[in-house]
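Protein sequence lines, in the order shown, are assigned to chains F and R. Each residue of the first sequence is one higher than the last, beginning at 2 in this note's numbering. Each residue of the second sequence is one higher than the last, beginning at 66 in this note's numbering. Virtual Cβ for every residue (Gly too), placed ideally from N, Cα, C. This report concerns only the one structure given below.
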Amino acid sequence: MEDRIVIIGAGHAGVQLAASLREAGHRGPLTLISQESALPYQRPPLSKDFVAAYADAEPLALRPEDFYRGVDLVSGARAESIDRAARVIRLDDGTLLGYDRLVFATGARNRPLPCEGGELQGVLGLRTLQDAQSLQRRLNEARRVVVIGAGFIGLEFAAAARARGLEVTVLEFAQRPLGRAASEPLSSWFLQAHSDNGIDLRCGEGVRRIRQTGSGLEVDSAAGSYPADLVVYGIGVQPNSDLAEDCGLACENGILVDEALQTSDPRIFAIGDCASFPLAGKRVRLESVQNANDQARTLAHTLTGVPQAYAELPWFWSAQGEHRLQIAGLSTTGDEPVILGAPQTGKFSIALFREGMLVAVESVNKPADHIAARKLLGSGAPVTAAMVQASASLKDLLRNSPIPA
Amino acid sequence: MPTIIFEQPDGAVTEVKVDEGGNIMRAAVSNGISGIIGECGGQAMCATCHVYVDPQAASGLPPVGEDEDEMLDCAAAERTEFSRLGCQVKLGGAVQRLRVNVPSDQV
């Protein structure tokens with residue numbers, strides 16, 4: 002295979018694809034375009050260990066420097082336009098790059114704060130290494146932090162800031178934390194856990210504006226005003242699909258791909274946070290390391306002549322202070338929760354059922370349940386609520402089922 | 066500086082130096098040791114940094130934690146009494162030299 006392959010984006014998806022392509026025997030030119038100048042790095046620790054550290058923390062590189070001897074890494078560059086007929090990409094410095102196969106691994110960007118004052122000094126998002134470094138420095142000076150948005154990133158950051166002894170207030174527009182991705186009982190448990198930890202977590206309280214005051218910042222909601230030395234927002238992301246749209250690829254909440262991860266142009270593919278793909282009869286776009294890596298591995302097979310359809314079970318994790326949340330499968334509003342174990346012990350799971358069948362399991366400080374759930378759900382074998390309730394644990398159910406463990 | 070010796074299933078051996086307090090996963094990923102992935106970045110969430118530690122050194126390491134224990138059950142390769150998650154084993158102090166075997170599979 003001597004095709005010229007170009008990957009736009011050097012996050013988890015892009016770098017994994019480059020690695021998997023070389024492992025699968027792709028010998029042709031392979032170019033990875035990175036907007037950032039740092040060696041491509043792991044993102045998950047940024048909102049956890051990285052901001053928790055007092056001294057300058059070292060990012061964890063996805064691959065060592067010499068990996069890029071076999072891959073042409075173009076750093077600090079932005080792909081500006083694509084001529085699909087000529088199969089040429091134009092970079093912001095005017096460089097033209099030809100391709101035979103092109104992959105979008107462009108990820109997502111933070112949704113900007115829509116309120117007044119979102120651009121003030123000391124109001125920061127958290128997505129890139131640069132964001133994390135600047136936050137980490139500011140945390141050393143801060144005493145009071147206001148976090149806008151009680152999603153995964155917001156709560157991970159809030160817990161890390163609290164662990165450093167700061168006063169932390171979290172303002173969430175919706176009626177419960179983690180509302181977009183977690184079941185109602187899980188939201189309630191985390192609301193309590195973060196409150197017990199001394200975080201002032203307020204739901205149903207959208208932010209109206211942020212003001213600069215003499216001594217710092219002030220965040221105004223409908224219900225009150227909160228002084229802050231630092232404001233961090235995490236209110237969701239938007240897929241980076243502009244470039245794809247500009248060159249005429251079909252996009253809708255991300256770049257549309259089929260089960261082979263191919264866009265509306267058979268020479269162009271999309272993976273990771275930027276891709277909207279079919280899964281179990283629905284279209285989804287997932288923001289997770291698992292999805293980025295697994296899609297990259299699947300696509301590497303396709304691009305080296307062994308076509309594969311993407312059908313991996315989604316799984317996810319979040320470390321919120323002392324608490325470890327792991328989710329297997331995808332749940333939606335309306336799924337029926339069944340609690341496994343005792344939430345008051347801090348170790349339990351929530352099994353979610355749709356039309357009587359297990360679709361997802363959320364585990365708090367209970368990795369054994371998570372692992373069993375991944376195997377049960379990944380096997381595709383039907384698991385009913387009765388089967389779960391008749392078993393001492395998900396691990397037991399797995400052991401006693403015909404599914405190969 | 067502490068040293069880790071990685072042995073691949075095919076017998077190939079690589080020696081790497083790590084900082085005092087550095088863990089096996091980080092050393093492996095930073096040095097491009099194949100067969101150790103560290104997908105979650107060192108949070109004991111993914112079990113893709115599974116290694117077999119030298120049986121003679123195993124007892125001198127801090128014990129397997131509860132989370133690590135549960136995650137090891139899901140490692141792709143067979144779990145043995147010498148299985149550890151690389152991200153949970155730090156080098157330094159009394160452990161200045163450690164030999165580990167890399168399993169055949171991580172995902």
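>> Closer than 8 Å between beta carbons: that is the criterion. Which residues of the region 118-148 of chain R meet it against chain F?
In response: Residues passing the 8 Å Cβ filter: Asp132, Glu135, Met136, Asp138, Cys139.
> How about alanine 14 of chain F: is its C-beta nearer than 7 Å to some C-beta of chain R?
Replying inline: Under the 7 Å criterion on CB atoms, alanine 14 of chain F is classed as non-interfacial with respect to chain R.
>> Just to confirm, is the Cβ distance from isoleucine 328 of chain F to aspartate 138 of chain R under 7 Å?
In response: no
> Going by DSSP, what residues sit across from tryptophan 316 of chain F in a beta bridge?
Replying inline: Tryptophan 316 of chain F pairs with F/Ala329.
>> Would valine 89 of chain F and glycine 99 of chain F qualify as a contact pair, given that the criterion is a beta-carbon distance under 7 Å?
In response: Going by beta carbons, valine 89 of chain F and glycine 99 of chain F fall inside the 7 Å limit.
> Of the residues that make up the region 65-81 of chain F, which ones have a beta carbon closer than 7 Å to any beta carbon in chain R?
Replying inline: Pro65, Asp67, Phe68
>> Please state the DSSP three-state secondary structure of lysine 348 of chain F.
In response: strand
>> Looking at glutamine 17 of chain F: is its Cβ nearer than 7 Å to the Cβ of asparagine 294 of chain F?
In response: Yes, these two residues count as a Cβ contact at 7 Å.
> In terms of alpha-carbon separation, which member of F/Trp318, F/Pro308, F/Gly322, F/Ile200 lies closest to valine 171 of chain F?
Replying inline: F/Ile200
> Along the chain, where does the beta strand (DSSP E) that runs through lysine 367 of chain F open and close?
Replying inline: Where lysine 367 of chain F is concerned, there is no enclosing beta strand (DSSP E), given that its DSSP letter is neither H nor E.
> If the cut is a Cβ gap below 8 Å, which residues of chain R does asparagine 294 of chain F touch?
Replying inline: Glu104
> Whose Cβ in chain F lies nearer than 9 Å to the Cβ of glutamine 108 of chain R?
Replying inline: Pro45, Pro46, Lys49, Asp50, Trp318, Ala320, Arg325
> Looking at the structure shown, is alanine 406 of chain F part of a helix, part of a strand, or coil, going by DSSP?
Replying inline: Any reading at alanine 406 of chain F needs caution, since the residue's pLDDT is 48, under 50, leaving its predicted position unreliable; the model's value is listed next. Coil at alanine 406 of chain F, not helix or strand.
> In three-state DSSP terms, what is lysine 49 of chain F?
Replying inline: Correct three-state label for lysine 49 of chain F: coil.
> Can you name the start and end residues of the beta strand (DSSP E) that leucine 98 of chain F belongs to?
Replying inline: For leucine 98 of chain F, the uninterrupted beta strand (DSSP E) segment begins and ends at 97-99.
>> Which of the three DSSP states is assigned to glycine 15 of chain F in this structure?
In response: helix
>> With the cut-off set at 7 Å, would you say leucine 136 of chain F and tyrosine 234 of chain F are in Cβ contact?
In response: no
> Just how far apart, CA to CA, sit cysteine 105 of chain R and valine 146 of chain F?
Replying inline: Going by C-alpha positions, cysteine 105 of chain R is about 27 Å away from valine 146 of chain F.
> Where do the N-terminal and C-terminal ends of the alpha helix (DSSP H) with serine 135 of chain F fall, by residue?
Replying inline: 130-140
>> Rounded to whole angstroms, what is the Cα-Cα separation between cysteine 204 of chain F and alanine 109 of chain R?
In response: 31 Å
> What distance in whole Å lies between the Cβ atoms of isoleucine 9 of chain F and alanine 408 of chain F, which are believed to be in contact at a cut-off of 8 Å?
Replying inline: In the structure as shown, chain F starts at 2 and stops at 406, and residue 408 of chain F therefore has no counterpart that could be examined.
>> Helix, strand or coil for methionine 388 of chain F? Go by DSSP, reduced to three states.
In response: Assigned with DSSP and collapsed to three states, methionine 388 of chain F falls in helix.
> Are the C-beta atoms of alanine 391 of chain F and some chain R residue less than 7 Å apart?
Replying inline: no
> chain F partners of glycine 97 of chain R, CB-CB under 7 Å?
Replying inline: Counting only Cβ-Cβ distances below 7 Å, glycine 97 of chain R has contacts in chain F at Arg64, Pro65, Asp67, Phe68, in chain order.
> Going straight from the alpha carbon of leucine 156 of chain R to that of alanine 161 of chain F, what length do you get?
Replying inline: 25 Å
> Whose CA, out of F/Val384, F/Gly255, F/Leu341, F/Glu356, lies closest to the CA of alanine 439 of chain F?
Replying inline: With chain F covering only 2 through 406, there is no way to say anything about residue 439 of chain F.
> Going straight from the alpha carbon of alanine 151 of chain F to that of arginine 139 of chain F, what length do you get?
Replying inline: 21 Å
> In chain R, what lies closer than 9 Å to isoleucine 372 of chain F by C-beta?
Replying inline: Ala112, Glu135, Met136, Asp138, Cys139
>> Helix, strand or coil for arginine 165 of chain F? Go by DSSP, reduced to three states.
In response: The three-state secondary structure of arginine 165 of chain F, taken from DSSP, is coil.
> Just checking, does the region 243-262 of chain F make contact with the region 218-234 of chain F on the three C-beta pairs under 8 Å criterion?
Replying inline: no
> Within this structure, are the beta carbons of valine 116 of chain R and arginine 149 of chain R separated by less than 7 Å?
Replying inline: The answer is yes: Cβ separation under 7 Å.
> Looking at arginine 212 of chain F and glycine 118 of chain F, is the spacing between their C-beta atoms short of 7 Å?
Replying inline: Against a cut-off of 7 Å, the Cβ pair of arginine 212 of chain F and glycine 118 of chain F comes out as a contact.
> Under a Cβ-count criterion, where at least 16 other Cβ atoms within 10 Å of its own Cβ denotes burial, should isoleucine 6 of chain F be classed as buried or exposed?
Replying inline: Label assigned to isoleucine 6 of chain F: buried.
> Just how far apart, CA to CA, sit aspartate 101 of chain F and serine 82 of chain F?
Replying inline: Rounded to whole angstroms, aspartate 101 of chain F to serine 82 of chain F spans 16 Å at the Cα level.
>> Assuming aspartate 170 of chain R is part of the alpha helix (DSSP H), what are its boundary residues?
In response: Premise fails: aspartate 170 of chain R is in no alpha helix (DSSP H) and is neither H nor E.
> Where are the beta strand (DSSP E) runs, 3 residues long or more, that stay fully inside the region 281-315 of chain F, in chain order?
Replying inline: 283-285
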